[in-house]
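Asker:
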Amino acid sequence: MQRAGIDFAAIEASSEVFEVIDSFGIKSSQGAASSATEDFLLGERMNADFRENYFEPEDIEIIDGFEDDTILYQDGEDEPVYSNPNLGKLHEGVSFTVKGRTKKHCERFSINFIIENATRDVALHINPRLPQNYIVRNTKVRNAWGREEVASALPFSLRRGAAFSVQVLFTEECYMISVNGYHFCKFYHRLPYESVQSLEVKGEIEDVTVERLEVQHYPERLPESVPQKVRLARALREPTLPDAHTVAAYDETDRVAVPAEAEDDKVITQWRVVKKANGDIEYEPKIVALNEIKLPYYGTIPRNSFQLGRVLKVEGRVRLLPQSFYINMQSGHNCWPHPVVALHLNPRFTKQSSGAIGRATVIRNSWIDGNWGQEERSDLETKFLPGKPFSLQIVHGDDSFKIYVNHQLLTEYKFRVSPSTIDTIYIQGDIKLFDVALEPYSKSV
Numbered sequence: 001m002q003r004a005g006i007d008f009a010a011i012e013a014s015s016e017v018f019e020v021i022d023s024f025g026i027k028s029s030q031g032a033a034s035s036a037t038e039d040f041l042l043g044e045r046m047n048a049d050f051r052e053n054y055f056e057p058e059d060i061e062i063i064d065g066f067e068d069d070t071i072l073y074q075d076g077e078d079e080p081v082y083s084n085p086n087l088g089k090l091h092e093g094v095s096f097t098v099k100g101r102t103k104k105h106c107e108r109f110s111i112n113f114i115i116e117n118a119t120r121d122v123a124l125h126i127n128p129r130l131p132q133n134y135i136v137r138n139t140k141v142r143n144a145w146g147r148e149e150v151a152s153a154l155p156f157s158l159r160r161g162a163a164f165s166v167q168v169l170f171t172e173e174c175y176m177i178s179v180n181g182y183h184f185c186k187f188y189h190r191l192p193y194e195s196v197q198s199l200e201v202k203g204e205i206e207d208v209t210v211e212r213l214e215v216q217h218y219p220e221r222l223p224e225s226v227p228q229k230v231r232l233a234r235a236l237r238e239p240t241l242p243d244a245h246t247v248a249a250y251d252e253t254d255r256v257a258v259p260a261e262a263e264d265d266k267v268i269t270q271w272r273v274v275k276k277a278n279g280d281i282e283y284e285p286k287i288v289a290l291n292e293i294k295l296p297y298y299g300t301i302p303r304n305s306f307q308l309g310r311v312l313k314v315e316g317r318v319r320l321l322p323q324s325f326y327i328n329m330q331s332g333h334n335c336w337p338h339p340v341v342a343l344h345l346n347p348r349f350t351k352q353s354s355g356a357i358g359r360a361t362v363i364r365n366s367w368i369d370g371n372w373g374q375e376e377r378s379d380l381e382t383k384f385l386p387g388k389p390f391s392l393q394i395v396h397g398d399d400s401f402k403i404y405v406n407h408q409l410l411t412e413y414k415f416r417v418s419p420s421t422i423d424t425i426y427i428q429g430d431i432k433l434f435d436v437a438l439e440p441y442s443k444s445v
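Residue 445, in the UniProt record's numbering, is where the sequence shown stops; the numbers in between run on with no holes.
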């Protein structure tokens with residue numbers, strides 16, 4: 001399948017096949033669900049292709065709909081390994097977390113939220129396919145499958161013979177799906193989620209449990225997805241800072257020692273000033289090995305620590321075929337409810353503008369009062385070169401974020417939200433990340 005462009009602006013049984021019935025203590029209530037699908041389809045004037053949805057950046061790739069195919073949608077085993085025919089009343093904030101372990105020979109498994117009408121329509125079908133390293137999301141109406149969605153900004157993290165956790169959050173506009181503690185994608189409603197009655201889990205998995213909760217935030221964090229502490233420069237770790245007791249806990253010893261074999265993963269530590277023949281001044285990096293930091297990256301800083309003159313430094317290397325990456329400076333690390341984003345910085349590369357010259361469309365925006373604001377975009381020479389290291393500095397100016405790449409001013413963005421609210425740094429996209437730090441201003445910036 002052809003990959004569409006991604007704009008980065010998110011997982012108790014025996015080893016044998018069996019069925020578990022779990023009502024979560026909710027009394028059965030079958031109603032008019034059998035006609036809910038038909039009413040919704042007629043009301044929305046939908047056809048076999050279903051309604052056109054507005055997709056978020058992580059929900060990119062779609063292929064044409066097709067009739068029910070027992071090969072493509074076969075789960076390896078016919079009987080459910082988990083079944084619950086009565087999910088109770090569903091509303092925004094209801095969450096189901098499916099946990100289990102894939103078998104050593106696992107090819108695929110599926111999680112299905114079903115409307116109990118004559119054709120048992122599937123409002124949401126989640127189908128991880130391990131050999132292909134992607135997760136299909138789809139809907140089935142009147143025995144016809146709709147258009148698949150298979151792309152995500154996150155890498156595929158499911159493995160054979162390993163534990164997994166998939167969380168599905170119901171919201172008014174979509175399902176939000178996380179895998180192993182990280183938001184993976186959204187799936188916009190094609191059928192009324194209130195009509196969902198049953199949950200079935202099928203496939204080559206075992207030790208399956210399902211937990212139903214009403215949550216205030218999403219996703220549920222696992223140990224491996226808990227936000228890290230942003231490294232603070234030693235000069236900032238002093239009692240005069242706000243929340244001094246919190247700042248003191250940030251220490252360089254939190255970082256893991258660099259393994260000897262990590263020579264390909266490099267980060268800029270020093271710069272050499274180079275004067276070109278035309279008189280221009282450029283900086284050339286001196287680089288050393290450092291651990292790669294897993295993406296997506298969530299880092300925390302003490303609230304009100306990003307003050308006037310301070311610098312958020314992000315260092316890494318652009319991937320060989322970059323499409324996009326982004327950095328959010330925001331309040332809170334949850335995906336739902338949506339956090340307030342003081343700065344969304346999103347370089348987007350195209351075939352025409354990237355390549356060796358490193359040009360990109362640089363997007364700047366903020367999320368305020370439940371919506372994205374008016375974005376600012378510029379076609380710029382960024383110094384983000386495929387396969388090359390970079391150092392990005394975001395400086396707290398008098399009234400704006402000043403953004404530098406390799407010590408050269410790239411652009412700036414006027415404050416729309418007070419920087420004092422920033423306590424989380426979120427980074428995702430087509431880069432290898434090596435270091436994130438909060439530092440005092442330096443003239444070398």
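All C-beta atoms in this analysis are idealised placements derived from N, C-alpha and C, irrespective of residue type, glycine included.
Keep in mind that this is a model prediction, so the values were computed, not measured.
Output needed for L409: all residues of its chain with C-beta closer than 7 Å, excluding positions within five of it in sequence on either side, in chain order.
Answerer: For L409, where only same-chain residues beyond five positions count, the Cβ hits under 7 Å are K402.
Asker: Taking the CB atoms as reference points, tell me whether I422 and F325 lie closer together than 9 Å.
Answerer: No, these two residues do not count as a Cβ contact at 9 Å.
Asker: Quick check on the burial criterion: 16 or more other C-beta atoms within 10 angstroms. Buried or exposed for S418?
Answerer: Counting Cβ neighbours within 10 Å, S418 comes out exposed, since fewer than 16 surround it.
Asker: Is the beta carbon of I205 closer than 9 Å to that of T97?
Answerer: Cβ atoms of T97 and I205: not closer than 9 Å.
Asker: Starting from the Cα of S331, find the closest Cα among L154, L321, N304 and give me that residue.
Answerer: Among L154, L321, N304, the Cα nearest to that of S331 belongs to N304.
Asker: Using a Cβ-Cβ cutoff of less than 8 Å, which residues in the same chain neighbour E338 once the five nearest sequence positions on both sides are dropped?
Answerer: Looking at the sequence provided, one finds His at residue 338 rather than Glu. These residues qualify, in order along the chain: W367, G370.
Asker: Mind checking P131: buried by the 16 CB within 10 Å criterion, or exposed?
Answerer: P131 is exposed by the Cβ-count criterion.
Asker: Under 9 Å, do R160 and P128 count as touching if we go by C-beta distance?
Answerer: No, Cβ-Cβ distance for R160 and P128 is not below 9 Å.
Asker: Among all the DSSP beta bridges, which residues are the ones paired with N112?
Answerer: DSSP lists H125, E200 as partners of N112.
Asker: So is D78 buried or exposed if we call it buried at 16+ other beta carbons inside 10 Å?
Answerer: Classification of D78: exposed, given that the 10 Å Cβ count is below 16.
Asker: Could you give the first and the last residue of the continuous beta strand (DSSP E) run that contains K186?
Answerer: Here the beta strand (DSSP E) through K186 covers 182-188.
Asker: List in chain order: all unbroken beta strand (DSSP E) runs of 3+ residues lying wholly within the UniProt domain "Galectin" (298-439).
Answerer: If we require 3 residues or more, the beta strand (DSSP E) runs fully inside the UniProt domain "Galectin" (298-439) come out as 311-318, 325-331, 340-348, 359-368, 376-381, 389-396, 400-405, 408-414, 424-429, 431-439.
Asker: Report the rounded CA-to-CA distance for N346 versus V179, giving the unit in angstroms.
Answerer: Cα to Cα, N346 sits roughly 24 Å from V179.
Asker: Can you tell me the Cα-Cα spacing of D398 and V314, whole angstroms?
Answerer: About 21 Å.
Asker: Measure the beta-carbon distance from P85 to S198 and round it to whole angstroms, keeping in mind my assumption that it falls under 8 Å.
Answerer: Contact holds; Cβ gap of about 5 Å.
Asker: L380: which of R231, A151, R359 sits nearest, CA to CA?
Answerer: Looking at the Cα atoms, R359 is the closest of the given residues.
Asker: Taking all protein chains shown into account, do 16 or more other C-beta atoms lie within 10 angstroms of the C-beta of L308, making it buried, or fewer, making it exposed?
Answerer: Burial call: exposed.
Asker: Rounded C-beta distance between S225 and C185? I'm assuming under 8 Å.
Answerer: Not confirmed; about 15 Å, so no contact.
Asker: Quick one, are the C-beta atoms of S420 and E412 less than 9 Å apart?
Answerer: Not in contact: S420 and E412 (Cβ atoms no closer than 9 Å).
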